[in-house]
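S.K.:
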Amino acid sequence: MILLRDTAVIFGRYLRATLRSKTNLLFGMLQPLLFLALFGPLLTRLDLGVDGSSWQSLVPGVLVQLALLGGSFVGLGLLMDRNLGVIDRMRVTPVHPLALLLGRTLRDVVQLLAQSVLLVLLGLVLGLRAPLAGVVIGLVFVGVLAGALSALSYGLAMNVATPPEFAAIANTTGMPLMLLSGLLLPMTLAPGWLDVASRVVPMRYTVDAVREAFLGHYGGATLVLGAAVTLVLALVCLFGGARLFNR
Numbered sequence: 001m002i003l004l005r006d007t008a009v010i011f012g013r014y015l016r017a018t019l020r021s022k023t024n025l026l027f028g029m030l031q032p033l034l035f036l037a038l039f040g041p042l043l044t045r046l047d048l049g050v051d052g053s054s055w056q057s058l059v060p061g062v063l064v065q066l067a068l069l070g071g072s073f074v075g076l077g078l079l080m081d082r083n084l085g086v087i088d089r090m091r092v093t094p095v096h097p098l099a100l101l102l103g104r105t106l107r108d109v110v111q112l113l114a115q116s117v118l119l120v121l122l123g124l125v126l127g128l129r130a131p132l133a134g135v136v137i138g139l140v141f142v143g144v145l146a147g148a149l150s151a152l153s154y155g156l157a158m159n160v161a162t163p164p165e166f167a168a169i170a171n172t173t174g175m176p177l178m179l180l181s182g183l184l185l186p187m188t189l190a191p192g193w194l195d196v197a198s199r200v201v202p203m204r205y206t207v208d209a210v211r212e213a214f215l216g217h218y219g220g221a222t223l224v225l226g227a228a229v230t231l232v233l234a235l236v237c238l239f240g241g242a243r244l245f246n247r
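Quick note on numbering: UniProt numbering labels position 207 of the sequence shown as 207, and the sequence is numbered without any gaps.
Written out as structure tokens, the structure is:
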């Protein structure tokens, strides 16, 4: 109960700070919307080798991309707070140590889900056709993945010295994950060796599962496998992030 109470307090504090930052809200929402609006039309006449329209392939990929990139870089804010001594001052208060991580992570999940809803709405305007249940399932995947990566990002931020070091690690790991996950184009279009290499990337199974959900396929092996892999990844990231954060 103490952990839940303290997590709620930290979550409220950072959510209010996020809502007060109008510039951050505007550009945080605008970037993924512009990406979908300007890149999506390029795929409308291409055969992507998957069921449904190109929007049913692209929108789920962009949602997972939002969780991947948005969750991976949140640690930069924590790193600046740590270097300013904010984290040290908060740690000497009676607040539960784990709540400092979970409260921030929960704020990130809420923010990324809000951006995801706007992406889906724009996708519907552009031509996306997906059942409501499939969209909800996809948003659950996005929320779980975003929370896991945010926790890991915060753990990393507590163990590097400067923002450039953090950015170098996040960019170096994030780029191959994004390319091998099939976020923008399905890996069915890839040559055999690249398709095999992509199967070791957990986010590929998340992307495939969200695409299946958007097609209305809820009981297939792809969705079940994606849910299992995403859940295991989330548990590993949360555990690893908590260990790194408390080190």
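Glycine included, each C-beta is placed from N, C-alpha and C at the ideal position.
Once DSSP output is grouped into helix, strand and coil, what is the label at G127?
M.R.: coil
S.K.: Which runs of the beta strand (DSSP E) fall wholly inside the region 165 to 214 and span at least 3 residues, in chain order?
M.R.: The region 165 to 214 contains no complete beta strand (DSSP E) run of 3 or more residues.
S.K.: In angstroms with no decimal places, state the Cα-to-Cα distance between R104 and L63.
M.R.: Going by C-alpha positions, R104 is about 20 Å away from L63.
S.K.: Using 8 Å as the Cβ pair cut-off and three pairs as the minimum, do the region 144 to 164 and the region 179 to 186 touch?
M.R.: no
S.K.: Please go through the same chain and pick out, in chain order, the residues whose beta-carbon is closer than 7 Å to the beta-carbon of M203, but skip the five residues on each side of it.
M.R.: V64, L68, L177 and S181
S.K.: Buried or exposed for S21, going by 16 or more other Cβ atoms inside 10 Å?
M.R.: exposed
S.K.: Using the three-state DSSP reduction, which class does V95 fall into: helix, strand or coil?
M.R.: Of the three classes helix, strand and coil, the one that applies to V95 here is coil, per DSSP.
S.K.: For the region 133 to 163, list the alpha helix (DSSP H) runs that are entirely contained and at least 4 residues long, ordered along the chain.
M.R.: none
S.K.: Going by the CB atoms, is the gap between V224 and P60 shorter than 7 Å?
M.R.: no
S.K.: With M29 as the anchor, note down where its alpha helix (DSSP H) starts and where it stops.
M.R.: K22 to F39
S.K.: What is the DSSP secondary structure of F239, counted as helix, strand or coil?
M.R.: helix
S.K.: Looking only at C-alpha atoms, which of L36, Q56 and P97 sits nearest to L119?
M.R.: L36
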